[in-house]
Structures are given as structure tokens and as C-alpha cells.
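*Asks:* So that you can map any letter, position 80 of the sequence shown is 147 in our numbering, and since no number is skipped, the others follow by simple counting. One structure, as C-alpha cells, below. Some questions next.
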Amino acid sequence: MFVFGFEGSDLTAEIFGRLRRLDLGGIVLAGANYVDSTGLAQMAGEAAVIARDEGHVPPWVLTIQEGGDLNSFPDLPPSTAPADLASVGEARAQAADAARTLRGLGVTGLLGPAVDVGLETGSALGARVFSDDPEQVARFAGASVRAYRKGRLFTSAAHFPGLGAADQSTEEGPASVGLGPDELRERDLLPFVAAVKAGVPAVVLSHALYPINDFTAPASLSREVVTDLLRDELGFEGAAITDDLADPAITTSYSIPDAAIAALRAGADMVFISGPAGDQQAAYAAMLGAVRSGEIPRSRLDEAVERILVAKERYGLIP
Numbered sequence: 068m069f070v071f072g073f074e075g076s077d078l079t080a081e082i083f084g085r086l087r088r089l090d091l092g093g094i095v096l097a098g099a100n101y102v103d104s105t106g107l108a109q110m111a112g113e114a115a116v117i118a119r120d121e122g123h124v125p126p127w128v129l130t131i132q133e134g135g136d137l138n139s140f141p142d143l144p145p146s147t148a149p150a151d152l153a154s155v156g157e158a159r160a161q162a163a164d165a166a167r168t169l170r171g172l173g174v175t176g177l178l179g180p181a182v183d184v185g186l187e188t189g190s191a192l193g194a195r196v197f198s199d200d201p202e203q204v205a206r207f208a209g210a211s212v213r214a215y216r217k218g219r220l221f222t223s224a225a226h227f228p229g230l231g232a233a234d235q236s237t238e239e240g241p242a243s244v245g246l247g248p249d250e251l252r253e254r255d256l257l258p259f260v261a262a263v264k265a266g267v268p269a270v271v272l273s274h275a276l277y278p279i280n281d282f283t284a285p286a287s288l289s290r291e292v293v294t295d296l297l298r299d300e301l302g303f304e305g306a307a308i309t310d311d312l313a314d315p316a317i318t319t320s321y322s323i324p325d326a327a328i329a330a331l332r333a334g335a336d337m338v339f340i341s342g343p344a345g346d347q348q349a350a351y352a353a354m355l356g357a358v359r360s361g362e363i364p365r366s367r368l369d370e371a372v373e374r375i376l377v378a379k380e381r382y383g384l385i386p
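Laid out in C-alpha cells, this is it:
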């Protein structure tokens, strides 16, 4: 249920020792971990070898590769940022190229694509936004997800229930989206509906605040968003992954262990923590304690793990 980032750019990185001790759900290879495609393939391959040797379920090897300057791996596809794509067809072609290349190097999934709808006046997400037209973004979402599915690359549509209208990026601090439930349905939810229809296996949960729960908690920690809206209303049955719990939108108000527990209780299935390692271990210990004490019901744990295992089986990580 844990997705961890890490420091290091070769096989001496400490994450590989933790992969031997812990049955982690996934690791994230970011720009700071990347030297070249050869090193990337070695690290991805090592994660798979360790899982086999230790009898663990293979972890996702994930990255954020949104195109152009937004890529963790700058010399690998897709070559164009969403805002600079000329058409949905170009988006489809770039996704197919990225899936082929990344799977060939042992990367098994993406924290993306971003399917947020921008504003006519611009968006805090900048070039990550394909368009300010919800219908256009919905077509982009459907085409991208289908291309990645065909290429057997796991994807997670971001950032539910929509971050394009936020007053700032959640990577910079607490953010708000002032769209009520009806406005979200007419605008920001349309691309997620299209992604679900296209078979997207996961979504990334936004850390912004929304009127749907009176701005009381980030969407990633909100049962009203994760369970009531995503599960019950949209009927989504795949995995729900938090955005990075180390982002300032979370850490200004919550400890990372408390946020991890709140996310699971809200209905999230996996929690992403980029680092540092001490916060990751603290969250792991807190989650274990919460399950043992009954604060998190065992049924909630089983539900989350089942979704993760189903996705890994469908994408070939589990024979």
C-alpha cells in the first residue's frame, strides 16, 4: 500500500535494502534518480529481482513523465508537454511511444497523465494542462489512457476531482478549488469519467480543498471525495493513490503519518511519500499500529490490497 520515492541514482541506493525487508507497493523514480536509460533499466530490474528473491509481490516501478520539460527522464518520450500538443491524435501517438519505451526499460507505470481542466485565464498547473475545454480534455484523457493500456503501462489519472482551477499548485502550499459539486460535474469530472470509461486502472487524488466537504480536509484525506464521489457516484473500482504526502499542501497542517492514516480511512488504497526515509518509516509504523488497534478496520485494508493485487495481475506483474 506504500509507494516510496528515494535518494540515489544507482544500485547502492538504500531503497533496495528496504525492498528486501518490506513488501512495498511501489517505488517512484524521479529526475534526481535518473542518469541515463541504462541506469534506469538496472534500477528497475533490480526491484524485480529483489521481489523474486524475497518472495514479495513485485512493486510498481513508477515515474512522472508528462512530456517535454515535465519529464523525470528528459531524453525519453513523450517529447511534448500537454499544453503544447497540437491534437488528441498527437497525444495518443506520444503516449504509445512512451509506453513502448518505458516498458522496455522496466518502468511499469505512471503517476499520470494529468487530466485537469484549465481556466481561460490560465492555470497554476501551467503546461501540465492540455486545454481549458472540458470536452477536449476528456478526449485527451480517453485517448491517452487507451494508448497506455495498449502498451501495458499502468496509469493513474491525476488529480481527482480536478486541480486545474486551483489558486496555486499543491506542490507549493495549501490550495483551494472553489467549484461546487455541480460545477465539478459539468467541468472537472468529465475527463475522469472519460478515463474511467477508457479503463484507467488508477487515479491520483488531489491535495486541494473543495466546497464538497466545506474545505475541511484535502481531497486525498476526504471520505466525501474518495468514497462518496469517486467510488459511489463515478463507480470507479480501480486503485486510488494519494498525491505526494510530502507536499506542502499536506505538511503545513498534518504530519505525514497522520495524513497516511486519514487517507486510508477516507478510501485511498495506496499512499505516495517521496521522502525522506524517516517520514516513510514513521508512516509505515503508524499505519501498522492503526490496523492492529482497530482504528483502521481490517476490511478497509483487505479492500485496498485486493485492488492493488488485481491491477498488478492485469498488468503482468503477478503471473
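Beta carbons are placed, not taken as given, at the ideal position from N, Cα and C, and that holds for glycine. Note that the structure is a prediction, hence the values are computed from the model and not measured.
#1: Hey, how far is the Cα of GLY334 from the Cα of ALA307?
#2: My assumption, with CB atoms under 8 angstroms, is that LEU272 sits in contact with VAL293. Please give the rounded CB distance.
#3: Would you give the residue range spanned by the beta strand (DSSP E) that GLY171 belongs to?
#4: Pull up the CB-CB distance for PRO228 and LEU251, whole angstroms please, since I reckon it's below 8 angstroms.
#5: In terms of residue numbering, what span does the alpha helix (DSSP H) encompassing THR318 cover?
#6: Considering Cα atoms alone, identify which of PRO201, ALA181 and GLY345 is closest to GLU187.
#7: Could you tell me which residues DSSP pairs with THR130 in its beta bridges?
#8: Could you check the C-alpha separation between GLY247 and ASP77 for me, to the nearest Å?
#9: Buried or exposed for ALA153, please, with buried defined as at least 16 other CB atoms from any protein chain shown within 10 angstroms of its CB.
#10: Is there contact here, the stretch 235 to 242 with the stretch 197 to 212, by at least three beta-carbon pairs under 8 angstroms?
#11: Within 10 Å of its beta-carbon, does THR105 have 16 or more other beta-carbons around it, so buried, or fewer, so exposed?
#12: Report the partner residues of SER243 according to the DSSP bridge assignment.
#13: Rounded to whole angstroms, how far is the Cβ of LEU86 from the Cβ of PRO126, which I believe are closer than 8 angstroms?
#14: Mind reading off the beta-carbon distance from THR175 to LEU384? Whole number of angstroms is fine, and I expect it under 8 angstroms.
#15: Looking at the secondary structure, which residues open and close the alpha helix (DSSP H) in which VAL372 lies?
#16: Go ahead and label LEU422 buried or exposed: buried means 16 or more other beta carbons lie within 10 angstroms of its beta carbon, across all protein chains shown.
#17: Residue range of the beta strand (DSSP E) that ILE340 falls in?
#18: How about ILE328 and ALA353: are their beta carbons less than 7 angstroms apart?
#19: Can you check the stretch 278 to 302 for any beta strand (DSSP E) of at least 3 residues that lies completely inside it and give the ranges in chain order?
#20: Whose CA, out of GLY305, ALA214 and ASP234, lies closest to the CA of ARG381?
#21: Can you tell me whether THR283 is buried or exposed, with buried defined as 16 or more other CB within 10 angstroms of its CB?
#22: As an exercise, report each continuous alpha helix (DSSP H) stretch of at least 4 residues that is fully enclosed by the stretch 196 to 252, in chain order.
#23: Going by DSSP, what residue range makes up the alpha helix (DSSP H) through GLY345?
#24: If you draw a straight line from the C-alpha of HIS123 to the C-alpha of LYS217, how long is it?
#25: When the Cα of LEU288 is compared with those of LYS264, ALA262, GLY245 and VAL338, which residue comes out closest?
#26: Quick one: which unbroken beta strand (DSSP E) runs of 3-plus residues sit fully inside the stretch 73 to 123? Chain order, please.
*Replies:* Here's the rundown:
#1: 8 angstroms
#2: 6 angstroms
#3: Taken as a continuous stretch (DSSP letters only), GLY171 belongs to no beta strand (DSSP E), being part of the alpha helix (DSSP H) at 155 to 171.
#4: 5 angstroms
#5: 315 to 318
#6: PRO201
#7: LEU177
#8: 46 angstroms
#9: exposed
#10: no
#11: exposed
#12: LEU276
#13: 7 angstroms
#14: 6 angstroms
#15: 365 to 381
#16: Outside the shown range of the chain, which is 68 to 386, sits residue 422, and nothing can be said about it.
#17: 338 to 340
#18: yes
#19: none
#20: GLY305
#21: exposed
#22: 201 to 217
#23: 344 to 360
#24: 27 angstroms
#25: VAL338
#26: 93 to 95
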